[in-house]
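**Student:** Numbering-wise, the numbering used here comes out as the position in the sequence shown, counting from 1, plus 10. Note that beta-carbon positions come from the ideal geometry of N, C-alpha and C, so glycine has one too. Just so you know, these numbers come straight off a predicted model, no measurement behind them.
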Amino acid sequence: MAEVKWIKITTDIFDDEKILMIESLPSADSIIVIWFKLLALAGKQNNNGVFIMSNGIPYTDEMLASIFRRDINTVRMAVEVFRQYGMVEIIYDTITIPNWEKHQTLDSYEKKKQRDKLYQQERRRKQKMIASGESSDESSDVAVSEEEIEEDKERNIYTSKNCQKIIDLYNDICKSLPRCIKLSETRKRHIKARLKDGYGEEDFRKVFEKAEASDFLTGKAEKWKAGFDWLINENNMIKVLEGNYDNKGQSTHFTNIDF
11 MAEVKWIKIT TDIFDDEKIL MIESLPSADS IIVIWFKLLA LAGKQNNNGV FIMSNGIPYT
71 DEMLASIFRR DINTVRMAVE VFRQYGMVEI IYDTITIPNW EKHQTLDSYE KKKQRDKLYQ
131 QERRRKQKMI ASGESSDESS DVAVSEEEIE EDKERNIYTS KNCQKIIDLY NDICKSLPRC
191 IKLSETRKRH IKARLKDGYG EEDFRKVFEK AEASDFLTGK AEKWKAGFDW LINENNMIKV
251 LEGNYDNKGQ STHFTNIDF
């Protein structure tokens, strides 16, 4: 499989909650460098975020240390941190990046480029026909316009106003949790992702209500508290809705939660 020539990295990546937590750790710089090296390697492999060689052998910590030119202990520590924060998963002794296709795929970008190219070609064809006095076939332009209308409808669903509404809902319900002040591009992207997954306002309301009622998520059972970014994480949202953090008369440990 051909390697990916580039990967998506947003400009506000260093405002990401997980990166901020990593920056508070010893050897933070080394861990972050290893994370970007992992992303680059996953792109080169172009194997859906699964770190496995062409002969089916999974990459080991020793292999990664050699490829990244880093101390083996540092690599092991970094991979463990990534695992704890949900940035990687270990499946059958193989390192994987969850949702690699969703977050790194170039398909939508390439489709948009192709769509724009066809649209411009149609525009030029129509202009030439009008200039030469010929009648133009409107069907192609209409087809493109209908597709644009559908895209406009989708954009209206995922507007900043609707994203802010979700944040306001969180602040109104989750009085025991840290307030969410800013609608950053990262938060907007995550909210839109959940909306595209099919979650509606009532689903967000239920998540926030269950979080506010949870002793664990509000820090009554542990020193740690959940926050807005944690709650709208895809995996965490499912777990909250399924009642994994409902009060059950028993203590849950911080190390068992996903970041």
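Is it the case that the Cβ atoms of residue 110 and residue 59 are separated by a distance below 7 Å?
**Tutor:** yes
**Student:** Within 10 angstroms of its Cβ, does residue 102 collect 16 or more other Cβ (buried), or is it exposed?
**Tutor:** So residue 102 ends up on the exposed side.
**Student:** Do the CB positions of residue 68 and residue 20 come within less than 7 Å of each other?
**Tutor:** no
**Student:** Which value, in whole angstroms, describes the spacing of the CA atoms of residue 81 and residue 73?
**Tutor:** 11 Å
**Student:** So, at 6 Å on beta carbons, what are the nonlocal neighbours of residue 233 in its own chain, with the 5 sequence-adjacent residues on each side left out?
**Tutor:** none
**Student:** Counting only the same chain and skipping the five closest in sequence on each side, list residues whose C-beta sits under 6 Å from that of residue 200.
**Tutor:** Within the same chain, residue 200 has close Cβ partners 242.
**Student:** For residue 207 and residue 100, what's the separation of their Cα atoms in angstroms?
**Tutor:** 24 Å
**Student:** List in chain order: all unbroken beta strand (DSSP E) runs of 3+ residues lying wholly within the stretch 59–113.
**Tutor:** 99–101 and 104–106
**Student:** How is residue 46 classed by DSSP in three states: helix, strand or coil?
**Tutor:** helix
**Student:** Select from 189, 96 and 229 the residue whose C-alpha is nearest the C-alpha of residue 245.
**Tutor:** 96
**Student:** Just to confirm before moving on: does the CB-CB distance between residue 47 and residue 92 stay below 7 Å?
**Tutor:** Taking 7 Å as the Cβ cut-off, residue 47 and residue 92 do not qualify as a contacting pair.
**Student:** Provide the residue span of the alpha helix (DSSP H) that contains residue 245, from first to last.
**Tutor:** 244–251
**Student:** Is the distance from the Cβ of residue 222 to the Cβ of residue 186 below 7 Å?
**Tutor:** yes
**Student:** My output table needs one value for residue 16: the three-state DSSP class, helix, strand or coil.
**Tutor:** coil
**Student:** If contact is defined by three or more beta carbon pairs under 8 Å, each pair taking one atom from either stretch, is the stretch 33–43 in contact with the stretch 209–218?
**Tutor:** no
**Student:** Among 169, 256 and 196, which one has its Cα closest to the Cα of residue 18?
**Tutor:** Nearest option by C-alpha distance: 196.
**Student:** Do residue 89 and residue 75 have their CB atoms nearer than 7 Å?
**Tutor:** no
**Student:** Do the CB positions of residue 238 and residue 190 come within less than 7 Å of each other?
**Tutor:** yes
**Student:** Less than 6 Å separating the Cβ of residue 97 from some heavy atom of the ligand ADP?
**Tutor:** For the structure depicted, the ligand ADP is absent and the ligand set is empty, with no information on it obtainable.
**Student:** Between the alpha carbons of residue 139 and residue 127, how many angstroms are there, rounded?
**Tutor:** Going by the C-alpha atoms only, they are around 19 Å apart.
**Student:** For residue 180, name the three-state secondary structure that DSSP assigns.
**Tutor:** helix
**Student:** Taking C-alpha atoms, which residue in 34, 236, 230 and 247 lies nearest to residue 257?
**Tutor:** 230
**Student:** Rounded to whole angstroms, what is the Cα-Cα separation between residue 65 and residue 56?
**Tutor:** 15 Å
**Student:** With a threshold of 8 Å on Cβ separation, who are the neighbours of residue 235 within its own chain once the five nearest residues in sequence on each side are excluded?
**Tutor:** So the qualifying residues of the chain are 186, 187, 188, 227, 228 and 229.
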